[in-house]
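Heads up, the sequence shown is in the numbering used here, so the first residue is 29 and it goes up one at a time.
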Amino acid sequence: MSADAETITNAPPPFDDPDADIVVRTLENEMFDVPQPVATNAETQQENVTQDGIPIIFLYDNQNQVCGKDVVDFLLSCCHPARLLSSKPVVPAGLLVSIIDAATRYRIDWAVNTALVDPHFLNTSPLLVFAHACHQGREAEAALAAKETLRFRLDQVPSDPALKLISGYQYHTLLAFHRRCAIAVETIALAENLTTWITAPTLSWFPASHHPCSSHGNLLVNSWNAKLGLPTWNFYYNNQILGHSTQQWWIKYMESTAAALVSRPHSSTVRDRARMDDSYVQASSCPDCLRRMGSFMGKFVPLFEQKIEEVIHQVSAFLICFANLGDK
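Written as structure tokens, this is what we have:
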């Protein structure tokens, strides 16, 4: 084989159809066999045909670069009947721009829709999804992506050319959305009256304390007990159950989580692994706390997450029209 001979491979099912009408060739020389309707809008790059007489075409992005196999796989998966009901392939977040460009160029609207709500892209590159959704004038997708940007500190997100797609006013509104969400969720975590969301049934989850780790008489513990309507204590009774009470490790968890929510006001912040591990370390000094903590947090954390999501939803109603703000 010569040094410049091309290695051609065939794509996996369902793109290995022997009855295909068209072959889509990728940058890596991988061949996708597809029926005519799947590639209706594709542009023919060459007049050559395969040995079976089937036309070969390429797909291009807005830079007139031939699309790679991951992009082609994603686009065709959004059109092929055999893949519409299955999960779409996971592709690197860096390919989002190429996918949107090519899907827009060939008017594959379903691929644009799929990319803008793809969980992988929303989890890894929500700001880029937000920019593209605004540019496309897609209000619902822009609002969804805006919520997912709350996972990250915007001042630490790397700059990207895709941000040129949105106006300064749209970006300013996104920053305002972050600030409002941060204020709202911090207030929820540190409210003077926590019984607005930690209700009576939930209070029963707090352990009946009979161990000095609760530090009855400690001003901090008593202040949190007051927020929950739990008894406050001035001294410790030896081995006597005093009733439900907050614990120092839980208070530190709430305070550290509230601080983290200011910069990342997203429900996922509530179960941050490092803070959860730190809480376990603090609770491990008390056998009673360590024994009860897993069960307690297993019920409390989902409740906390749910409350954060409710608050974010309320704030989102205020800034729901990102895609219609400013010039596109």
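Positions of the beta carbon are idealized from the N, C-alpha and C atoms, including for glycine.
Q: Report the residue from R179, F234 and T132 whose alpha carbon sits nearest the alpha carbon of I279.
A: Stepping through the sequence shown from its first residue, residue 279 is reached at position 251. Comparing Cα positions, the closest option is F234.
Q | Check whether L104 and V62 have beta carbons under 8 Å apart | A | For the purposes of this step, residue 104 is identified with residue 76 of the sequence shown, where counting begins at 1. For the purposes of this step, residue 62 is identified with residue 34 of the sequence shown, where counting begins at 1. The answer is yes: Cβ separation under 8 Å.
Q) Excluding sequence positions up to five away, which residues of its chain have a Cβ less than 7 Å from the Cβ of A217? A) Here residue 217 refers to the residue found at position 189 when the sequence shown is read from its first residue. Closer than 7 Å at the Cβ level, and outside the excluded window around A217, lie M282, T285, A286 and L289.
Q: State the beta-bridge partners of M59 as determined by DSSP.
A: Taking the first residue of the sequence shown as 1, we reach residue 59 at position 31. Paired residues: N38 and R53.
Q) By DSSP, does H294 sit in helix, in strand, or in coil? A) Residue numbering aside, residue 294 sits at position 266 when the sequence shown is read from its first letter. Coil.
**Q.** Y134 in three-state terms, based on DSSP
**A.** As a working note, residue 134 is residue 106 in the sequence shown. Residue state, collapsed to three classes: coil.
Q) Tell me which same chain residues have a C-beta within less than 6 Å of the C-beta of I194, skipping the five on either side of it? A) Taking the sequence shown and counting its residues from 1, one reaches residue 194 at position 166. Around I194: A159 and C162.
(Q) In this structure, how does DSSP classify Q272 when only helix, strand and coil are distinguished? (A) Locating residue 272 in the sequence shown gives position 244, counting from the first residue. For the record, residue 272 in the displayed sequence is His; it is not Gln. Note: H272 maps to strand in three-state DSSP.
Q) If F102 and I127 are in contact, beta carbons under 8 Å, what's the gap, nearest whole angstrom? A) Walking along the sequence shown from the start, residue 102 turns up at place 74. Walking along the sequence shown from the start, residue 127 turns up at place 99. Right, their Cβ atoms sit about 5 Å apart.
Q. Are the Cβ atoms of P147 and V213 separated by less than 8 Å?
A. Taking the sequence shown and counting its residues from 1, one reaches residue 147 at position 119. Taking the sequence shown and counting its residues from 1, one reaches residue 213 at position 185. For P147 and V213, no; Cβs fall outside 8 Å.
Q) Would a C-beta distance cut-off of 8 Å place D188 and D129 closer than the cut-off? A) Start at 1 with the first residue of the sequence shown, and residue 188 comes out as number 160. Start at 1 with the first residue of the sequence shown, and residue 129 comes out as number 101. The answer is no: Cβ separation not under 8 Å.
Q.
Could you give the first and the last residue of the continuous alpha helix (DSSP H) run that contains C162?
A. Position 134 of the sequence shown holds residue 162. That run of the alpha helix (DSSP H) goes P154 to H163.
**Q.** Runs of alpha helix (DSSP H) wholly within the segment 159-243 (minimum 4 residues, chain order)
**A.** 167-176, 196-218 and 228-231
Q. For Q334, is the classification buried or exposed, using 16 other Cβ atoms within 10 angstroms of its Cβ as the cut-off for buried?
A. Against the sequence shown, residue 334 aligns to sequence position 306. Q334 comes out exposed.
Q. Hey, how far is the Cα of L55 from the Cα of Y199?
A. Mapped onto the sequence shown, residue 55 falls at position 27. Mapped onto the sequence shown, residue 199 falls at position 171. If I take the Cα positions, the gap works out to 35 Å.
Q) What residue range is occupied by the uninterrupted alpha helix (DSSP H) comprising Y308? A) Taking the first residue of the sequence shown as 1, we reach residue 308 at position 280. Y308 -> alpha helix (DSSP H) spans R301 to A311.
Q: Please go through the same chain and pick out, in chain order, the residues whose beta-carbon is closer than 8 Å to the beta-carbon of A121, but skip the five residues on each side of it.
A: On the sequence shown, position 93 is the one that residue 121 refers to. Hits under 8 Å: H148, F149, T152, S153 and L156.
Q.
Let me confirm a value: K97 is counted as buried when at least 16 other C-beta atoms fall within 10 Å, else exposed. Which label applies?
A. Here residue 97 refers to the residue found at position 69 when the sequence shown is read from its first residue. By the neighbour-count rule (16 or more Cβ atoms within 10 Å), K97 is buried.
Q. Quick one: is T72 buried, meaning 16 or more other Cβ sit within 10 Å of its Cβ, or exposed?
A. For this step, residue 72 is matched to residue 44 along the sequence shown. Below a pLDDT of 50, predicted positions are generally treated as unreliable, and T72, at 43, falls in that range; the measurement from the model is reported next regardless. T72 should be labelled exposed.
Q) Which two residues bound the contiguous alpha helix (DSSP H) that contains C106? A) For this step, residue 106 is matched to residue 78 along the sequence shown. Looking at the DSSP string, C106 is not in any alpha helix (DSSP H), and its letter there is neither H nor E.
(Q) Would V309 and F332 qualify as a contact pair, given that the criterion is a beta-carbon distance under 8 Å? (A) To locate residue 309, count along the sequence shown from 1; it is residue 281. To locate residue 332, count along the sequence shown from 1; it is residue 304. No; because the gap between Cβ atoms is not below 8 Å, this pair is not in contact.
(Q) For T35 and L202, what's the separation of their Cα atoms in angstroms? (A) Here residue 35 refers to the residue found at position 7 of the sequence shown. Here residue 202 refers to the residue found at position 174 of the sequence shown. If you take the alpha carbons of T35 and L202, they lie about 47 Å apart.
Q: Can you check DSSP and say which residues form a bridge with Y88?
A: Reading the sequence shown from its first residue, position 60 is the one you call residue 88. BP columns for Y88 point to V94.
Q) Leaving out the 5 sequence neighbours to the left and right, which residues in its chain are closer than 6 Å to S307 when beta-carbon positions are compared? A) For the purposes of this step, residue 307 is taken as the residue at position 279 of the sequence shown. Hits under 6 Å: W277 and Y281.
Q) Where A174 and P229 are concerned, what is the direct C-alpha to C-alpha distance, given to the nearest angstrom? A) Numbered from 1 along the sequence shown, position 146 holds the residue referred to as residue 174. Numbered from 1 along the sequence shown, position 201 holds the residue referred to as residue 229. For A174 and P229, the distance between alpha carbons rounds to 34 Å.
Q) P83 by DSSP, collapsed to three states: which one? A) Reading the sequence shown from its first residue, position 55 is the one you call residue 83. Looking at P83 - three-state DSSP - the assignment turns out to be strand.
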